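What follows is a single structure, written as C-alpha cells, with notes after it.
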Amino acid sequence: MNDPVATESPNASNAKAGQAANARARVYRRARTISVIGTFVVLALGCLYVAQSLLLPVVLAFLLSLVFSPVVRTFAKFYIPNAVTAFAIVLTLSATVIAGIYGLSGPVSGWIDEAPNIERQLRLRLADLSEPLDKLREAQKQVTEATDQNNGDEDVQRVVVAEPNLISQAAQGAPDILAGIALMLVLLLFILSGGDRIYQKLIRSLPTFGDRRKGLRIAHDVEREVSRYLATITAINILLGIVIGTLMAIIGLPNPVLWGIAAAVLNYVPILGAMTGVVIVGVVSLVSMQTTGQALIAPALYLACTVFEGQLITPMLIGNRLKINSVAIVLAIALWGWLWGFVGILVAVPLLIVASVISNHVEGLGGLRELLGPHAASNTPDRTIPTNSK
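Residue numbers (my numbering): 321 to 710.
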C-alpha cells in the first residue's frame, strides 16, 4: 500500500518551487521596469538641461500660441487672415519686450552701480546683527593671511581667479537671450499663422478613430485651460503691479515703476513669488527710508496686496473647478527652476496645468492625477487652477 505522504510530497515541493520561481521572476521584471523608467527619467532630465537654449524658446512659443490661438480664430470669423493677426500679435509682443527692456535698463543699471553703497547702508541699518558677520569676516581674514604665507619662498607664484561681475555675465549671455527671443517669436508667428493645421496633423498621426477623438479633445482642453489661466493671471498681475507701484510711489520708495513691474512678474510664481517680492522690497525700503518704522511700511503693503489677491481676487476670477495641491506646485517650481532658471519658474505652473488636463483624460495616468489633485482633508485652500468641464 502506497504512503499518501510520500506521493504528495514531490507535487507539493514542485508547486512551492514553481511559486518561488514565479515570485523571483516578478521581482526581476519589476526591478527591470524600475531601472528602465529611472534611466529614462535621468536621460530626459539631462536632455532638458543640456538643450535648454533650444527647448525653452520652443516651449514658450507653444504656451503663447495656446494663449493667442483663440484671438486668431476670433478675428478669422471677421475674414481677417490668420497671417495678418499673427503678425500683429508678434509685432505687439516684440514692441512690448523692447519697450520693457529699454524702460528697465536705466533703473536696473542704477541699482547695480549703487550696489556698494546699498550694501554699506544695509550694514549700518543692521548693525545689531553685524557681530556674527564681523567674526566670520575676521576668521576669513586670518585664513587668507595664513594662505598668503609661502614660507619665505619668493619663487612661489600666486594664482588669483577673477570672477566676472554681473554686468559682464549679462553681456556674455545677451546674444543667447536675443537669439532665444527671436526663435520664440518666429516660431510663434508660424504656429499662429498655421491655425488648426498642427491639431490636424496631431490627430492624423494617431492610429484609431477613438484615439483621434480623445487627442482632439485633449488638445482643445489644454488650449482652453492654459489660455484662460494665463490671460486671467496676466490681467490680475498687471492690476497688482499698478496698485503696488502706486503705493510705493505714495510712500516715497525709489523707482516705484520698477517695483510694480517686478511685482507683476513675480506674481506668476505661486507662493514663492510673493515671498520673494516682500523680501526684496523690504531690503530696498530698509536702505532707502529714514527710520525702521518707515522701512516696514513698504513690505507690509506689498504683503497685504499679495494676500488680498491670492486669497480673494484670484479664486473669485478663476473659479474652483480644479485645485492643484501646493506640494506639487512647489516641486514643479523647484524642478523647472533647476532646469531652466527663472524662465523655468515662470512656465512651471502652465506646464503643470497641461499635465493635469492630460491626466484627466488618460486612464493610465490616474497616479499622476492623484498626485496633482488636492489633499483629501485640508483646512488651507490650495492654488486654484481651471480645468475642463465635461
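Every residue gets a Cβ at the ideal spot worked out from N, C-alpha and C, and that includes glycine. Computed from a predicted structure; not experimentally measured.
Check: Where valine 542 and glycine 535 are concerned, what is the direct C-alpha to C-alpha distance, given to the nearest angstrom?
Finding: 10 Å
Three-way DSSP call (helix, strand, coil) for isoleucine 644 in this model: strand
Check: Residue range of the alpha helix (DSSP H) that leucine 384 falls in?
Finding: 372-396
inquiry  = I need the DSSP call for glutamine 520, collapsed to helix, strand or coil.
reply    = helix
In terms of alpha-carbon separation, which member of Asn680, Ile553, Thr394 and Ala652 lies closest to glycine 664? Ala652
Original post:
Do you know how far the Cα of alanine 335 is from the Cα of asparagine 645?
Top reply: 48 Å
query: Are there 16 or more other CB atoms within 10 angstroms of the CB of isoleucine 497, so buried, or fewer, so exposed?
result: exposed
- Query: Does the beta-carbon of isoleucine 649 have 16 or more other beta-carbons within 10 angstroms, so that it is buried, or is it exposed?
  - Reply: buried
*Measure the Cβ-Cβ separation of valine 546 and isoleucine 673 and say whether it is below 8 Å.*
yes
task: Kindly give me the distance between the Cβ atoms of methionine 504 and alanine 415, rounded to whole angstroms, as I take these residues to be in contact under 8 Å.
output: With a Cβ gap of about 15 Å, methionine 504 and alanine 415 do not count as contacting.
Point to revise | Residue range of the alpha helix (DSSP H) that includes proline 576 | key: 576-586
What does the alpha-carbon distance come out to for the pair histidine 578 and isoleucine 421? Per the sequence shown, residue 578 should be read as leucine rather than histidine. Near 11 Å, if we compare the C-alpha coordinates of isoleucine 421 and leucine 578.
Original post:
Under 8 Å, do glycine 597 and alanine 582 count as touching if we go by C-beta distance?
Top reply: yes
Locate the alpha helix (DSSP H) running through glutamate 690, then write down its first and last residues.
-> 686-692
> Taking just the CA atoms, how far does alanine 337 sit from cysteine 367?
Replying inline: 45 Å
*State yes or no: is the C-beta of asparagine 402 within less than 8 Å of the C-beta of valine 392?*
yes
Applying the criterion that 16 or more other CB atoms from any shown protein chain within 10 Å of the CB defines a buried residue, is threonine 634 buried or exposed?
buried
- Query: In chain order, what residues of the same chain have a beta carbon less than 7 Å from the beta carbon of glycine 561, not counting five sequence neighbours either side?
  - Reply: Gly580, Ile581, Ala583 and Ala584
Here's a check: name, in chain order, each residue in its chain whose Cβ is nearer than 6 Å to the Cβ of glycine 317, leaving out the five neighbours to either side.
Look at the range of the chain in this structure, 321 to 710, and you will see that residue 317 is not part of it.
**Prompt:** Would DSSP call threonine 611 helix, strand or coil?
**Reply:** coil
Starting from valine 682 and walking both ways along the alpha helix (DSSP H), at which residues does that stretch end?
Run containing valine 682: none; DSSP gives neither H nor E here.
>> If the criterion is Cβ atoms closer than 8 Å, does the pair alanine 406 and leucine 512 meet it?
In response: yes
Beta-carbon within less than 7 Å of leucine 509's beta-carbon, same chain only, minus the 5 sequence neighbours each way: which residues are those? Ala406, Phe407 and Val410
How many whole angstroms separate the CB atoms of asparagine 587 and threonine 626, which I take to be in contact at a CB cut-off of 8 Å? 7 Å
task = Measure the alpha-carbon distance for isoleucine 591 versus leucine 691 and round it to whole angstroms.
result = 19 Å
Out of Ser608, Met609 and Ser373, point me to the one whose CA is closest to glycine 661's CA. Ser373
I'd like to know whether the C-beta atoms of arginine 532 and isoleucine 523 end up nearer to each other than 8 Å. yes
Is it buried or exposed for alanine 594, if we count other Cβ within 10 angstroms and need 16 for buried?
buried
(message) Between the alpha carbons of alanine 345 and alanine 371, how many angstroms are there, rounded?
(response) 38 Å
Which of the three DSSP states, helix, strand or coil, is assigned to tyrosine 771?
It is not possible to answer for residue 771, since the shown part of the chain is limited to 321 through 710.
Within 8 Å, strictly: CB atoms of isoleucine 571 and isoleucine 617:
yes
Exercise for review: Return yes when the Cβ of leucine 685 is within less than 8 Å of the Cβ of serine 679, no when it is not.
Suggested key: yes
Same chain only: Cβ atoms within 7 Å of leucine 376, ignoring 5 sequence neighbours per side
Gly500, Trp660 and Val663
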